Amino acid sequence: MQTAFLPSAPATPAAAPAAPRPPELASLARAALLADEHDGADGPAPRHRFRTVWISDVHLGTPGCQAQALLDFLRVTECETLFLVGDIVDGWQLRRSWYWPQAHNDVVQKLLRMARKGTRVIYVPGNHDEFARKYLGHSFGGVEVVEDWIHETADGRKLWITHGDLFDGVIQCAKWLAYLGDSAYEFTLKLNRYLNHCRARLGLPYWSLSKYLKQKVKRAVSYVADFEGALAREARKRGVHGVVCGHIHHAELRDIDGILYANDGDWVESLSALVEHFDGTLALVDGVQRPGFEAEVPMMAGLPAGALAAGAAAAPGLHL
0 MQTAFLPSAP ATPAAAPAAP RPPELASLAR AALLADEHDG ADGPAPRHRF RTVWISDVHL
60 GTPGCQAQAL LDFLRVTECE TLFLVGDIVD GWQLRRSWYW PQAHNDVVQK LLRMARKGTR
120 VIYVPGNHDE FARKYLGHSF GGVEVVEDWI HETADGRKLW ITHGDLFDGV IQCAKWLAYL
180 GDSAYEFTLK LNRYLNHCRA RLGLPYWSLS KYLKQKVKRA VSYVADFEGA LAREARKRGV
240 HGVVCGHIHH AELRDIDGIL YANDGDWVES LSALVEHFDG TLALVDGVQR PGFEAEVPMM
300 AGLPAGALAA GAAAAPGLHL
């Protein structure tokens with residue numbers, strides 16, 4: 000039996016319609032207590048085991064969220080620690096219009112079930128779920144809510160975990176422009192869904208319009224480069240070996256001047272996650288190639304254990 004963790008959209012008075020409110024994290028704890036103890040609905044037993052998994056930018060509460068693909072991944076994946084690196088729930092979109100299908104409930108139930116069964120789940124809120132920052136230092140249903148985190152890999156590298164919005168000049172200096180850009184992005188995703196529906200009828204594979212635009216438009220390329228560089232510089236200041244973030248919906252795993260930069264992508268377009276193997280090797284998992292994850296988990300790119308370990312010695316006084 001599935002138990003909804005979110006209330007239905009509020010009843011609309013005849014005189015003045017009330018805008019739906021973003022979910023409160025306290026409801027996650029209630030869902031954890033009420034969740035069905037029978038896990039048969041979870042499907043196949045995990046067949047891919049990792050030490051650590053990072054996912055971000057799920058955007059539950061929007062039509063663009065690929066909730067079923069994420070469920071397919073989580074159902075065949077087992078890990079010791081799961082990082083939710085922000086924008087898991089899209090509070091911005093839920094304020095504009097209520098959208099919460101059963102698949103979005105299923106994702107939340109799955110995350111809570113993983114926490115209950117022994118996976119350490121650490122939630123680093125982003126800008127779209129900034130309401131969760133009111134609960135820093137608290138735990139809801141076994142999910143720890145933190146501002147950021149320092150993770151140590153199996154081979155001793157220290158990685159700073161942050162969503163990344165605090166290093167986005169548009170978010171920090173012109174939030175109205177960020178809201179405008181979010182609306183334009185939603186329109187692009189709608190157009191993208193229509194184009195891919197037509198491509199599917201023609202037997203063509205999935206193709207991301209917004210990803211194509213990001214790669215081709217000069218300003219978008221410059222924005223991504225500036226964002227990556229700013230986070231790498233901050234990671235160096237903090238004395239760590241690398242940074243793991245989300246925010247820009249652009250999966251990446253590379254070296255920037257001796258600092259490991261890892262972006263785990265999103266579950267709207269790229270359907271990607273960052274994983275750490277038990278020897279400390281890092282890799283990006285690509286869900287577009289095999290959205291069902293029923294065969295093997297494909298790797299987009301990887302860095303071997305110990306890569307960059309000699310490039311930056313961890314400084315004392317690391318702060319979260």
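Note that numbering that gives the first Met the number 0 has the sequence shown beginning at 0, numbered continuously upward.
Beta carbons: idealized from backbone N, C-alpha and C, even for Gly.
The structure displayed is predicted, hence computed values, not measured ones.
{"Query": "Does Ala102 come out as helix, strand or coil in the three-state DSSP assignment?", "Result": "helix"}
{"Query": "Evaluate Gln92 with the Cβ neighbour count: other Cβ atoms within 10 Å of its Cβ, from every protein chain shown; 16 or more gives buried, anything less gives exposed.", "Result": "buried"}
{"Query": "Trp148: which of Leu81, Leu111 and Gln108 sits nearest, CA to CA?", "Result": "Leu81"}
{"Query": "Which residues mark the beginning and the end of the beta strand (DSSP E) in which Phe49 is found?", "Result": "His47 to Ile54"}
{"Query": "Helix, strand or coil for Ala313 per DSSP?", "Result": "Confidence in Ala313 is poor, its pLDDT being 32 and thus under 50, which makes the residue's placement too unreliable to answer from."}
{"Query": "Kindly indicate which three-state DSSP category Phe4 falls into: helix, strand or coil?", "Result": "Legend: pLDDT at Phe4 = 37, less than 50; position of this residue unreliable, value from coordinates given subsequently. In this structure, Phe4 counts as coil in the three-state DSSP scheme."}
{"Query": "Would you say Val106 faces chain C, with C-beta separation under 7 angstroms as the test?", "Result": "Although the question refers to chain C, the structure presented lacks it and comprises just one protein chain."}
{"Query": "Can you tell me whether Glu268 is buried or exposed, with buried defined as 16 or more other CB within 10 angstroms of its CB?", "Result": "buried"}
{"Query": "Considering only the beta carbon of each residue, do Gly90 and Asp128 sit closer than 7 angstroms?", "Result": "yes"}
{"Query": "Please identify the residue among His240, Leu281, Val75 and His276 whose C-alpha is closest to the C-alpha of Met113.", "Result": "Val75"}
{"Query": "Using alpha carbons as the reference points, say which of Asp164, Gly241, Ile247 and Leu230 lies closest to Gly125.", "Result": "Asp164"}
{"Query": "Determine the DSSP secondary structure at Gly90, reduced to helix, strand or coil.", "Result": "helix"}
{"Query": "I need the straight-line Cα distance from Ile121 to Leu83, nearest angstrom please.", "Result": "6 angstroms"}
{"Query": "What does the Cβ neighbour count give for Gln65, buried or exposed, with the cut at 16 atoms within 10 Å?", "Result": "buried"}
{"Query": "What residues in its chain sit with their C-beta under 7 angstroms from that of Ala67, if we drop five residues either side in the sequence?", "Result": "Note that residue 67 corresponds to Gln in the displayed sequence, not to Ala. Around Gln67: Ala102."}
{"Query": "So for Val223, helix, strand or coil by DSSP?", "Result": "helix"}
{"Query": "Is the beta carbon of Val88 less than 7 angstroms from the beta carbon of Val123?", "Result": "no"}
{"Query": "Across which residues does DSSP place Asn126 in a beta bridge pair?", "Result": "Answer is none; Asn126 lacks a bridge partner."}
{"Query": "Which residue from Arg132, His137, Ser138 and Phe72 puts its Cα closest to that of Thr161?", "Result": "Arg132"}
{"Query": "What does the Cβ neighbour count give for His240, buried or exposed, with the cut at 16 atoms within 10 Å?", "Result": "buried"}
{"Query": "Just checking my contact of Ala261 with Leu270 at CB under 8 angstroms: how many whole Å lie between their CB atoms?", "Result": "Ala261 to Leu270, Cβ: 17 angstroms. No contact."}
{"Query": "Using the three-state DSSP reduction, which class does Arg119 fall into: helix, strand or coil?", "Result": "strand"}
{"Query": "Scan the region 239–274 and note each continuous beta strand (DSSP E) run of 3 residues or more that stays entirely inside, going in chain order.", "Result": "241–244, 251–255 and 258–262"}
{"Query": "Name the two residues that bound the continuous alpha helix (DSSP H) containing Asp71.", "Result": "Ala66 to Arg74"}
{"Query": "Any idea what DSSP makes of Val107, helix, strand or coil?", "Result": "helix"}
{"Query": "From Leu179 to Arg94, what distance separates their C-alpha atoms?", "Result": "Interpretation of Leu179 is limited by its pLDDT of 44, a score under 50 that renders its predicted location unreliable; the figure taken from the coordinates is listed afterwards. Computed Cα separation, rounded: 14 angstroms."}
{"Query": "Beta-carbon within less than 8 angstroms of Glu77's beta-carbon, same chain only, minus the 5 sequence neighbours each way: which residues are those?", "Result": "Pro45, His47, Arg48, Phe49 and Thr118"}
{"Query": "Can you tell me which of Arg253, Trp266, Gly257 and Ile258 puts its alpha carbon nearest to the alpha carbon of Ala282?", "Result": "Arg253"}
{"Query": "Taking Cβ to Cβ, would you say Leu73 is nearer than 7 angstroms to Lys116?", "Result": "no"}
{"Query": "Please report how far the alpha carbon of Gly136 lies from the alpha carbon of Phe130, in whole angstroms.", "Result": "14 angstroms"}
{"Query": "By DSSP, does Asp285 sit in helix, in strand, or in coil?", "Result": "strand"}
{"Query": "Quick one: what does DSSP say Leu203 is sitting in, helix, strand or coil?", "Result": "coil"}
{"Query": "Between which two residues does the beta strand (DSSP E) holding Trp148 run?", "Result": "Trp148 to Glu151"}
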